[in-house]
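Right, one structure below, let's go through it.
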Amino acid sequence: MPSRQNLLIISLLSLFLLYLLISRTSSSSSTTNPHIPSSNDEKRGRPAFKQRLIAVGDLHGDISNAQKVLRMAHIIDDQANWVGGEDILVQTGDIVDRGAGALDIYRMMQKLRGQAEGQGGRVVSVLGNHEVMNAIGDWRYVTQDDIKVFGGTKRRQEALAKDGWLGAEWLANYSITASVPLSPHPLSPKLSFTHGSLRPSFPNLTPYPDAINALGHSLLTKALTPPLNPPYPPNPYSGLPKGHTREEAELYAEGGPLWWRGLAEREEGQVCEWARELKEKLGVRRIIGGHTPNFEHIVSRCNGSVIIIDTGISSAYGGVLSALEIVYTLTPVDDKGKDDGHRQDPFMVDDSLPASDYESEPVESIGAKGELKGRYIEREEVHAIYEKRKKWIALEEREVVL
């Protein structure tokens, strides 16, 4: 019989061989988190893709809070220069009125638009009802300090005219609504951005967004063509510009996308029914707008299908500083890791953690390195960013074939 010492040696050798076997198996089969793209994706020849989008609601003449929000969202630095790289920034209108800083905000957005393009990013600007009010001479909410910043009433009107710097900027770079794709692929999901609410029965919804934006551009051009309507007050209210059409009047009416609040104010069941109809008609995944403030938080309805981002950022309201963040990633799926289309449930997150705890790993953008083609895990994270925290709104994953 083997001695006790020999048995001990045999046992130790067996344990050592078992350890080597387990280590080799583990190292050969281990992968990074399959839902967070990694550098290994490049080695497979199908690069990972990431797009980050920031959306900001009504700013109403408060340049200080506007810059705080953009710094909070890592879009600008302390000198108000673009540091967002390839990020997309969407602002949903109502930059003007109720404060004295509108001119500074428009100048900042103009500068950021050029800087973003230089880094592969993008700035998307949507007109609010207050922009169009100013264009047609409805100055009820214009402050005297704002008029002084422009250099007086006459110079303010000159700036707003179609050949003035601000009027020309509105006509060139601002629209009534925007459809923003989350990736460069032709089948990319899109998001809808409008200042107010889109009404499912609005007669010029499609083709989206071109039909609405053509009406908006036509109305704005007429409003900004000299002579402009005299400001009200102190002059009588002039209304829409001469020569406007019935369709343009409906665009600016209470039920149009600049003024209507239905998606923000109606009961949940009705809103979800409208959201389903709108998403199908417009070909978008989410409908995002401002106009109706909630001073405490960004409002998500119908599981994130509708998101209202006006939180009264301007000191004229005193609401919370906020920005909406959407992080969209595509992670290649190995054939070996095929899950037959079964969707993995998203992990649960404690939304009380500080914003820094939610920073996602850096992911290399597709750029010019390759094409989006093949099987991917598509992941869309939607967060509300506040001054000291980040809160989950929605998290969706699905397998897609591009």
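Quick note, the sequence shown lines up with residues -27 to -1, 1 to 375 if you use mature numbering (1 follows the signal peptide of the UniProt record, and there is no 0).
The beta-carbon is built from N, C-alpha and C at its ideal position, and this holds for glycine as well.
Limits of the unbroken beta strand (DSSP E) element including L26: 22 to 29
Assign V105 to one of two classes, buried (16 or more other C-beta atoms within 10 Å of its C-beta) or exposed (fewer than that). buried
With a threshold of 8 angstroms on Cβ separation, who are the neighbours of S(-1) within its own chain once the five nearest residues in sequence on each side are excluded? With a pLDDT of 33 at S(-1), under the threshold of 50, the modelled position of this residue cannot be trusted, and the question is left open.
On a CA-only basis, which of V97, R25, N107 is nearest P206? Give me that one, please. N107
Cutoff 8 angstroms: F175 Cβ touching any chain D Cβ: Included in the structure is just one protein chain, with no chain D present.
If you check the beta carbons only, do G72 and I286 fall under 8 angstroms apart? no
Can you name the start and end residues of the beta strand (DSSP E) that T167 belongs to? 163 to 167
How would you label Q92, buried or exposed, when you count the other beta carbons within 10 angstroms and need 16 or more for buried? exposed
N- and C-terminal bounds of the beta strand (DSSP E) containing S152: 150 to 154
What does a CB cutoff of less than 8 angstroms around K215 pick up in its chain, not counting 5 residues either side in sequence? K195
Identify, in the order they occur along the chain, each residue of the same chain with its Cβ nearer than 7 angstroms to the Cβ of M45, setting aside the five sequence neighbours on each side. L294, A296, I358, E360
Tell me P305's beta-bridge partners as DSSP assigns them. Y349
Identity of the residue in D118, S191, A89 nearest V69 by Cα: D118
Can you look up K135 in the DSSP assignment and give me helix, strand or coil? coil
Short Cβ contact (8 angstroms threshold) for I260 with V279: yes
DSSP state of G262 mapped onto helix, strand, coil: strand
Cβ contact (3+ pairs, closer than 8 angstroms) linking the region 176 to 187 and the region 149 to 156: yes
Does DSSP put I68 in a helix, a strand or coil? coil
Using a Cβ distance threshold of 8 angstroms, determine whether the region 84 to 98 contacts the region 123 to 141, with at least three qualifying pairs required. no
N- and C-terminal bounds of the beta strand (DSSP E) containing E269: Element bounds for E269: n/a, residue is neither H nor E.
Would you mind giving the Cβ-Cβ distance between D60 and R25, rounded to the nearest angstrom? I have them listed as a contact below 8 angstroms. 5 angstroms
Cβ neighbours of Q88 in the same chain (closer than 7 angstroms, five flanking residues each side left out): N54, W55
Taking the alpha-carbon positions, what's the R258 to T302 distance? 15 angstroms
Which residues in the same chain have their Cβ closer than 6 angstroms to the Cβ of L85, if we skip the five residues on either side of it in sequence? W55, V96
Where does I(-6) land, buried or exposed, given buried means 16+ other C-beta within 10 angstroms? The predicted position of I(-6) is uncertain, since its pLDDT is 43 and thus under 50; a value taken from the coordinates is nonetheless stated next. With fewer than 16 Cβ atoms within 10 Å of its Cβ, I(-6) is classed as exposed.
Y225 and L192 look like a contact to me (Cβ under 8 angstroms); what is the Cβ gap, rounded to whole Å? 7 angstroms
Is the beta carbon of W247 closer than 8 angstroms to that of L236? yes
When you compare only the Cα positions, how much space is there between A145 and S161? 25 angstroms
Where does E250 land, buried or exposed, given buried means 16+ other C-beta within 10 angstroms? exposed
Per DSSP, what kind of secondary structure is S191 in: helix, strand or coil? helix
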